[in-house]
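Notes to accompany the following structure.
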Amino acid sequence: MDEVRNPYSPGAGRPPVALVGRDRQRRAWQVALERIERGRGAQPVVLYGLCGVGKTVLLGEFAKEARRRGWVVATIEAGVGKSLRELLGEALHGPLSDLARPSAGVRLLRALKTATSFKASYDSSGAWSFGLDLSDVSGGGADTGVLETDLSKLLRDVAAAAAEEGGGLAVLIDEAQDLGTDELTALCSSVHVAGQEGWHLTTALAGLPSLPRELSEAKSYSERLFDYSRIEHLDPVLAEEALAAPAREESVIWEAQATALVLGEASGYPYFIQQFGQDTWNHAAGPSIGLDDARVGVVAGRATLDSGFFRARWDRATRGEQQYLRAMAVDGDVGSPSGEVASRLGKRSSSLGPVRAKLIEKGLIHAPEHGVVAFTVPGMAAFIARQPEP
Numbered sequence: 001m002d003e004v005r006n007p008y009s010p011g012a013g014r015p016p017v018a019l020v021g022r023d024r025q026r027r028a029w030q031v032a033l034e035r036i037e038r039g040r041g042a043q044p045v046v047l048y049g050l051c052g053v054g055k056t057v058l059l060g061e062f063a064k065e066a067r068r069r070g071w072v073v074a075t076i077e078a079g080v081g082k083s084l085r086e087l088l089g090e091a092l093h094g095p096l097s098d099l100a101r102p103s104a105g106v107r108l109l110r111a112l113k114t115a116t117s118f119k120a121s122y123d124s125s126g127a128w129s130f131g132l133d134l135s136d137v138s139g140g141g142a143d144t145g146v147l148e149t150d151l152s153k154l155l156r157d158v159a160a161a162a163a164e165e166g167g168g169l170a171v172l173i174d175e176a177q178d179l180g181t182d183e184l185t186a187l188c189s190s191v192h193v194a195g196q197e198g199w200h201l202t203t204a205l206a207g208l209p210s211l212p213r214e215l216s217e218a219k220s221y222s223e224r225l226f227d228y229s230r231i232e233h234l235d236p237v238l239a240e241e242a243l244a245a246p247a248r249e250e251s252v253i254w255e256a257q258a259t260a261l262v263l264g265e266a267s268g269y270p271y272f273i274q275q276f277g278q279d280t281w282n283h284a285a286g287p288s289i290g291l292d293d294a295r296v297g298v299v300a301g302r303a304t305l306d307s308g309f310f311r312a313r314w315d316r317a318t319r320g321e322q323q324y325l326r327a328m329a330v331d332g333d334v335g336s337p338s339g340e341v342a343s344r345l346g347k348r349s350s351s352l353g354p355v356r357a358k359l360i361e362k363g364l365i366h367a368p369e370h371g372v373v374a375f376t377v378p379g380m381a382a383f384i385a386r387q388p389e390p
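For the sequence shown, our numbering assigns the number 1 to the initial residue and increments by one for each residue that follows.
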């Protein structure tokens, strides 16, 4: 069939034609924005789960909804070699520049002055002017060098300016598990004060299953500070809708056996549904998609995942780390006792602590409970089983 009309879109954060199974989170976000606009406050959000379940897509939907309501939105991705200071400062520059105007109100001018000082806290060689003379404007002071102090000052003043414009400030952070402990601590503190003082501010963090634990270690009260939402794979009914609905919009029907094969291979993971759907569509002649089409599409999709989605993660591991992952793969995706992994490798569990810690740092595994490790990517165990021994 026509590849241009192909309605499936695998990729990092690319929104699918049919975003199913996330209505509760989207509705809760809309309610939170409206409550904050009315001065009633709402808990910030933490989305956590395995890779490929759609956390980034959902974060993108949150950003769209906030912008639609006229909010100032800063969207950042942690773990890209920049500090939270740099990421947040640069993310806010564009939205604040759009608001800057000679007739700006007092709160907006103060926010612009504070943003320029925050810029100076991580880049003394550059300066923002926003095209306005801010020399006589009160504000600034977000360049003390103490992250918690500077971050709170920035968020408070920008949130006040956004409220003056009829909205609020939304800070959305993807891959939040890659923030440093001091950054998570400062963020939690700022969000805590924001809730106590009624700032027009909310945040949404997205990350791996380790994120709730890391937040708790940063600030013990984070367990009560955030609204935690575990993003899971789709149940069979929703998975079928995610596969069939995009094709229906193009007047193409999936036959029952083809649907069953693809859904069985995808195991409810949205990213895999998109990949298998795309490859099957490209092979099928149409106007319907049959079992033979699905068989070819699954083989092609699996090859694509193996060469990209899985391979990129496998190649990030050293030889010793790969041996650890092979020992885990014996148990599939359900998780492995650390002691059992060590036994398979003929080593003491304590001696493998650095390897385990490095794999967690790289985001390849996580510790769902004490003494247990599991893959952060669904299907990783099967991929490893397909890899030849060195």
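Where a beta carbon is used, it is the ideal one built from N, C-alpha and C, also for glycine. Computed from a predicted model, the values in this text were never measured in an experiment.
Contact set for residue i: own chain, Cβ-Cβ below 7 Å, skip 5 residues either direction
i, result
"Thr-75", "Ala-63, Ala-91, Leu-172"
"Ser-97", "Phe-130"
"Leu-291", "Glu-255, Gln-257, Ala-258, Leu-261"
"Asp-143", "Ser-117, Phe-118, Ala-120, Ser-121, Asp-150"
"Ala-242", "Pro-16, Ala-18, Val-20, Leu-234, Pro-270, Ile-273"
"Ser-222", "Cys-188, Leu-215, Ser-216"
"Ala-66", "Leu-33, Val-73, Ala-170"
"Asp-293", "Ala-258, Thr-280, His-283, Ala-284"
"Gln-30", "Glu-65"
Sub-8 Å separation of residue i and residue j beta-carbons
i, j, result
"Val-17", "Leu-169", "no"
"Thr-304", "Gln-257", "no"
"Gly-60", "Ile-231", "no"
"Leu-374", "Ile-384", "Sequence inspection shows Ala at residue 374; the Leu mentioned does not correspond to that position. Not a contact, by the Cβ cut-off of 8 Å."
"Pro-102", "Leu-132", "yes"
"Val-355", "Gly-332", "no"
"Gln-25", "Ser-210", "no"
"Glu-183", "Gly-207", "no"
"Asp-178", "Gly-79", "yes"
"Ser-190", "Leu-225", "no"
"Ala-12", "Thr-202", "no"
"Arg-107", "Glu-164", "yes"
"Ser-138", "Val-193", "no"
Terminal residues of the alpha helix (DSSP H) in which residue i lies
i, result
"Val-80", "Counting along the chain, Val-80 falls outside any alpha helix (DSSP H), and DSSP gives it neither H nor E."
"Ile-173", "No alpha helix (DSSP H) contains Ile-173, which is instead part of the beta strand (DSSP E) from 169-174."
"Val-296", "291-305"
"Tyr-48", "Careful: Tyr-48 lies outside any alpha helix (DSSP H), inside the beta strand (DSSP E) at 45-48."
"Ser-152", "147-164"
"Tyr-271", "270-283"
"Val-4", "No alpha helix (DSSP H) holds Val-4; DSSP gives it neither H nor E."
"Asp-178", "Counting along the chain, Asp-178 falls outside any alpha helix (DSSP H), and DSSP gives it neither H nor E."
"Ala-63", "55-68"
"Ile-393", "Absent from the model: residue 393. The displayed extent of the chain is 1 to 390, so no value can be given."
"Glu-34", "23-37"
Exposed unless 16 or more other CB atoms sit within 10 angstroms - verdict on residue i
i, result
"Pro-212", "buried"
"Glu-197", "exposed"
"Asn-237", "Before going on, a small fix: residue 237 reads as Val here, not Asn. With fewer than 16 other Cβ atoms within 10 Å, it is exposed."
"Tyr-271", "buried"
"Ala-204", "buried"
"Thr-181", "exposed"
"Ser-378", "Ser is not the amino acid found at residue 378; the sequence shown has Pro there. Flag for Pro-378 reads buried."
"Val-394", "Lying before the first or after the last residue shown, residue 394 is absent from the chain, which here runs from 1 to 390."
"Asp-2", "exposed"
"Val-53", "buried"
"Glu-34", "exposed"
"Ser-135", "exposed"
"Glu-361", "exposed"
"Arg-302", "buried"
"Val-334", "exposed"
"Ser-343", "exposed"
"Arg-313", "buried"
"Ala-285", "exposed"
"Thr-376", "buried"
"Glu-265", "buried"
"Ala-186", "buried"
"His-200", "buried"
"Gly-268", "buried"
Within-8 Å CB hit, residue i to chain D
i, result
"His-93", "Going by chain labels, chain D is absent from the structure shown, which holds only one protein chain."
8 Å CB neighbourhood of residue i in its chain, flanking five on each side removed
i, result
"Ala-247", "Pro-7, Ile-253, Trp-254, Gly-277, Trp-281, Ile-289"
"Gly-166", "Glu-37, Gly-70"
"Leu-345", "Gln-323, Tyr-324, Ala-327, Leu-352"
"Lys-219", "Leu-184, Thr-185, Cys-188, Ser-189, His-192, Leu-225"
Continuous beta strand (DSSP E) stretch holding residue i: start and end
i, result
"Val-106", "That residue, Val-106, is in no beta strand (DSSP E); its alpha helix (DSSP H) goes 106-122."
"Val-252", "Where Val-252 is concerned, there is no enclosing beta strand (DSSP E), given that its DSSP letter is neither H nor E."
Own chain, CB closer than 6 Å to residue i, minus 5 neighbours either side, in chain order
i, result
"Arg-5", "Glu-250"
"Ala-111", "Asp-157, Val-158, Ala-161"
"Leu-87", "Ile-76"
"Thr-56", "Gly-13, Asp-174"
beta-carbon residue i near the ligand HEM non-hydrogen atom, thresh 7 Å
i, result
"Gly-264", "No copy of the ligand HEM appears in this structure; indeed no ligand is present at all."
Kindly provide the ranges of any beta strand (DSSP E) runs that are 3 or more residues long and lie completely inside the stretch 312-383, ordered along the chain. Counting only runs of 3 or more residues that sit fully inside the stretch 312-383, the beta strand (DSSP E) segments are 365-369, 372-375, in chain order.
Give, in chain order, every unbroken run of the alpha helix (DSSP H) that is at least 4 residues long and sits entirely within the stretch 188-228. Correct list: 211-218, 222-225.
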